[in-house]
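Per numbering that gives the first Met the number 0, residue 0 is the first one in the sequence shown, and the count goes up by one each step. We put the beta carbon where it would ideally sit given N, CA and C, even for glycine.
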Amino acid sequence: MTTSLPVLLDFDSALQSHRLRPLCRDAVTTLQVNVGKLCNQACQHCHVEAGPKRTERMQAHVAERVLELLRCSPTIASVDITGGAPELNPNFRRLVLQARRWGRHVVDRCNLTVLLEPGQEDLVDFLAANAVEIIASLPCYTAGNVDQQRGRGVFEKSIQALHELNAAGFGRPGSALLLHLVYNPLGPTLPPPQTALESDYKRHLAAEFGIEFNHLFTLTNMPISRFAAALAQSGRTEEYQLLLARSFNSATVPQLMCRSLVSVGWDGRLYDCDFNQMLGMELRAAMGQATESAGDGGEPLNLWNIDSFEELAHRHIATGAHCFGCTAGAGSSCGGSLL
Numbered sequence: 000m001t002t003s004l005p006v007l008l009d010f011d012s013a014l015q016s017h018r019l020r021p022l023c024r025d026a027v028t029t030l031q032v033n034v035g036k037l038c039n040q041a042c043q044h045c046h047v048e049a050g051p052k053r054t055e056r057m058q059a060h061v062a063e064r065v066l067e068l069l070r071c072s073p074t075i076a077s078v079d080i081t082g083g084a085p086e087l088n089p090n091f092r093r094l095v096l097q098a099r100r101w102g103r104h105v106v107d108r109c110n111l112t113v114l115l116e117p118g119q120e121d122l123v124d125f126l127a128a129n130a131v132e133i134i135a136s137l138p139c140y141t142a143g144n145v146d147q148q149r150g151r152g153v154f155e156k157s158i159q160a161l162h163e164l165n166a167a168g169f170g171r172p173g174s175a176l177l178l179h180l181v182y183n184p185l186g187p188t189l190p191p192p193q194t195a196l197e198s199d200y201k202r203h204l205a206a207e208f209g210i211e212f213n214h215l216f217t218l219t220n221m222p223i224s225r226f227a228a229a230l231a232q233s234g235r236t237e238e239y240q241l242l243l244a245r246s247f248n249s250a251t252v253p254q255l256m257c258r259s260l261v262s263v264g265w266d267g268r269l270y271d272c273d274f275n276q277m278l279g280m281e282l283r284a285a286m287g288q289a290t291e292s293a294g295d296g297g298e299p300l301n302l303w304n305i306d307s308f309e310e311l312a313h314r315h316i317a318t319g320a321h322c323f324g325c326t327a328g329a330g331s332s333c334g335g336s337l338l
C-alpha cells in the first residue's frame with residue numbers, strides 16, 4: 000500500500016485516468032475574500048487554523064484594492080467573505096456595503112457565535128439591511144458533537160444566534176434573507192447524503208428549538224492545517240487520504256468551485272481557492288501555469304500586479320492531493336455537495 004500511495008494520490012493522474020483534461024478556470028464569477036485568521040473560536044476542523052490569538056488580518060489598503068478590482072470585473076456576480084470570523088475585521092462592513100452598492104451578491108461565512116460578541120450588537124440588522132446571504136457553521140444538531148468540535152458552550156450560543164437571525168427574517172419561509180447551515184463530519188469520514196441530513200436537521204432544530212433555515216451544506220474535511228494535524232496525531236493520515244482518493248467521482252469535476260472562483264488572501268495574494276491559499280499554492284504570472292513551486296510559473300500574483308480579476312479566467316488550476324477532498328463521493332464545495 001505504501002509504495003502505491005504517491006501514484007494513487009496524484010490528482011492530475013486521476014483526471015487523466017478518467018479521460019479528463021487538467022483543471023482550468025472558466026469565467027471568474029465568484030470572488031472569495033479571506034480577510035484574516037482572527038476568530039473568536041478555534042475549531043478542530045478549521046482549515047484556516049483561525050483563533051482568538053491570530054494576528055493576520057486584512058488591512059484597509061488591501062480591502063480598498065479588492066474593491067478597485069471588483070469594480071473593474073463585471074463578470075463577478077458574488078463576493079464570498081470568509082475568515083476567521085470575517086465580521087471581526089474592521090473592513091468587513093466596507094466590503095459588504097460597496098459590493099452591494101454595485102449590485103453584487105454578498106455571502107458571509109459566519110460562525111454564529113460572533114453575532115454575540117461585544118461590539119457586534121447591530122450585526123444582524125446590518126446583514127439584513129444589506130441582504131447578505133449567511134452560510135453558518137453548525138456541524139451537528141446536538142450540543143455534545145458541536146461542543147466537541149468547536150468548544151464548550153458553542154452550541155448554546157449558536158442556537159441563540161440562530162434565534163436572532165430568524166427574528167430578523169433570515170431563513171424564514173417566503174423571506175428573501177437566506178440562511179444556510181454547514182455540516183462537517185466529526186472525524187475522518189465522508190459526509191452523509193446532503194438531502195437526507197438536511198431533513199434531519201430541519202426536523203430536529205424546528206422541534207427542539209423552533210429554528211428555521213433554508214438549506215444544509217455538507218462539506219468534506221480537508222486534510223490540511225488543523226485537521227491534518229489531528230489526523231497525524233491519531234495515525235489516520237494515510238487512511239483518510241486513501242479514502243478520499245478511492246472515492247474520487249469524475250462526475251463532480253465539471254462543478255468544482257475553483258472553475259469559477261478566485262481567492263484573495265488577507266495580504267492581497269491570489270489563489271485558485273481557499274484551500275490552495277492555506278497551502279501557500281499561489282497563482283503565478285505565467286499564463287496557463289499555476290504551480291506550488293516558487294521556481295516555476297513566474298512571479299506570484301497579487302492584487303497590485305493585475306488590473307482586473309477577469310484576467311485570471313481561462314488559466315490552469317494548481318492541484319494537489321487535497322483536491323480529492325472536493326471530488327470524493329458526492330463532491331464538496333463552498334455550496335455543499337456538488338451532486
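- Leaving aside the five residues that flank Glu197 on each side, the residues in its chain whose CB is nearer than 6 Å to its CB run, in chain order, Leu215.
- Under the three-state reduction of DSSP output, Asn144 falls in the helix class.
- Only exposed fits Asp25, as fewer than 16 other CB atoms lie within 10 angstroms of its CB.
- Using a Cβ distance threshold of 9 Å, Met221 and Gly324 count as a contacting pair.
- Excluding sequence positions up to five before and after Lys156, its CB lies within less than 8 Å of the CB of Leu111, Thr112, Leu115, all in the same chain and listed in chain order.
- Annotated as proximal: Cys322 and Phe10, with beta-carbon spacing under 9 Å.
- Relative to Arg225, the option among Gln193, Gly173, Gly186, Leu14 whose CA is nearest is Gly186.
- Your pair Ala320 and Leu8 checks out as a contact, with CB atoms roughly 4 Å apart and the cut at 8 Å.
- The bridge partners DSSP lists for His104 are Ser77.
- Shown here, Phe226 sits in a helix according to DSSP, grouped into three states.
- DSSP places Phe216 inside the beta strand (DSSP E), whose first and last residues are 214 to 217.
- Gly168 carries a coil assignment under DSSP once its states are collapsed to helix, strand and coil.
- Residue pairing from DSSP leaves Ser336 without any beta-bridge partner.
- The residues Val78, in chain order, have a CB closer than 6 Å to that of Arg103 in the same chain once the five nearest residues on each side in sequence are set aside.
- A buried status is given to Glu48, since no fewer than 16 other beta-carbon atoms sit within 10 Å of its beta-carbon.
- Across the set Leu177, Ile75, Phe247, Glu55, the C-alpha of Ile75 shows the shortest separation from the C-alpha of Glu310.
- DSSP lists no beta-bridge partner residue for Asn220.
- As a beta-bridge residue in DSSP terms, Thr29 pairs with Ser77, Leu260.
- Under a 10 Å Cβ-count criterion, Leu338 is classified as exposed, with fewer than 16 other Cβ atoms of the shown protein chains found around its own Cβ.
- For Ala62, no beta strand (DSSP E) encloses it; the enclosing alpha helix (DSSP H) starts and ends at 59 to 70.
- Here the alpha carbons of Ala13 and Val252 stand approximately 11 Å from one another.
- Take the alpha-carbon of Arg70 and the one of Leu269: they are about 17 Å apart.
- Per DSSP, the unbroken alpha helix (DSSP H) holding Ala205 starts and ends at 193 to 208.
- The residues Thr326, Ala327, Gly328, Ala329, Gly330, Leu338, in chain order, have a CB closer than 8 Å to that of Asn248 in the same chain once the five nearest residues on each side in sequence are set aside.
- Looking only at Gly335, Ala317, Asp306, the smallest Cα-Cα distance to Leu68 is reached by Asp306.
- The residues Arg283, Ala284, in chain order, have a CB closer than 7 Å to that of Glu298 in the same chain once the five nearest residues on each side in sequence are set aside.
- DSSP places Ala244 in the helix class (H, G or I) of the three-state scheme.
- By a beta-carbon distance limit of 8 Å, Leu178 contacts Leu164. Their separation comes to about 6 Å.
- Shown here, Cys23 sits in a strand according to DSSP, grouped into three states.
- A residue is called buried when at least 16 other Cβ atoms come within 10 angstroms of its Cβ; Ala135 meets this threshold and is buried.
- Burial check for Pro117: the Cβ neighbour count within 10 Å stays below 16, so the residue is exposed.
- For Cys272, the closest C-alpha among the options Leu30, Pro21, Ala175, Pro191 is that of Leu30.
- The alpha carbon of Ala98 has as its nearest neighbour, out of Leu66, Asn90, Ser336, Gly173, the alpha carbon of Leu66.
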